[in-house]
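Only one structure is covered here, and it is reproduced in the block below.
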Amino acid sequence: MELRRGLFNAAKLHGVSLHCNAARQKDGTFTLTYAVHSKTAGRAHVMNKHGEDRTRWPYDPRGKGK
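The numbering of the sequence shown is full-length UniProt numbering, which starts it at 1 and goes up by one.
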């Protein structure tokens with residue numbers, strides 16, 4: 001999971017959005033599958049899926065920490 005977090009940190013540093021899935025393999029290792037998108041495309045996806053109300057978003061980047 002540390003590698004997954006590293007991918008998200010690198011995407012943030014470079015100003016892009018990242019979609020990542022981690023799948024556990026039978027031998028105990030993980031396979032990470034990820035896709036990089038522009039911020040505009042990432043924001044459009046969230047708006048289409050969850051609507052404009054930020055309280056319904058799974059994560060609000062402008063919200064205060066809980």
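We put the beta carbon where it would ideally sit given N, CA and C, even for glycine.
Cβ-based burial, residue i [other Cβ within 10 Å; buried from 16]
{"i": "A44", "result": "exposed"}
{"i": "S17", "result": "buried"}
{"i": "A23", "result": "exposed"}
{"i": "A41", "result": "exposed"}
Cut-off 6 Å between Cβ atoms - residues of its own chain near residue i, not counting five sequence neighbours on either side
{"i": "H19", "result": "A35"}
Own chain partners of residue i with C-beta closer than 8 Å, once the 5 adjacent residues on each side are dropped
{"i": "R56", "result": "H50"}
{"i": "F8", "result": "L18, C20"}
Identity of the residues DSSP links to residue i by a beta bridge
{"i": "R24", "result": "F30"}
Inter-residue spacing [alpha-carbon to alpha-carbon] between residue i and residue j
{"i": "E52", "j": "G28", "result": "40 Å"}
{"i": "A11", "j": "Q25", "result": "25 Å"}
{"i": "R62", "j": "G6", "result": "21 Å"}
{"i": "L3", "j": "K64", "result": "25 Å"}
7 Å Cβ shell around residue i - same chain, five flanking residues per side excluded
{"i": "E14", "result": "Contrary to the premise, residue 14 reads as His rather than Glu in this sequence. Correct list: empty, nothing qualifies."}
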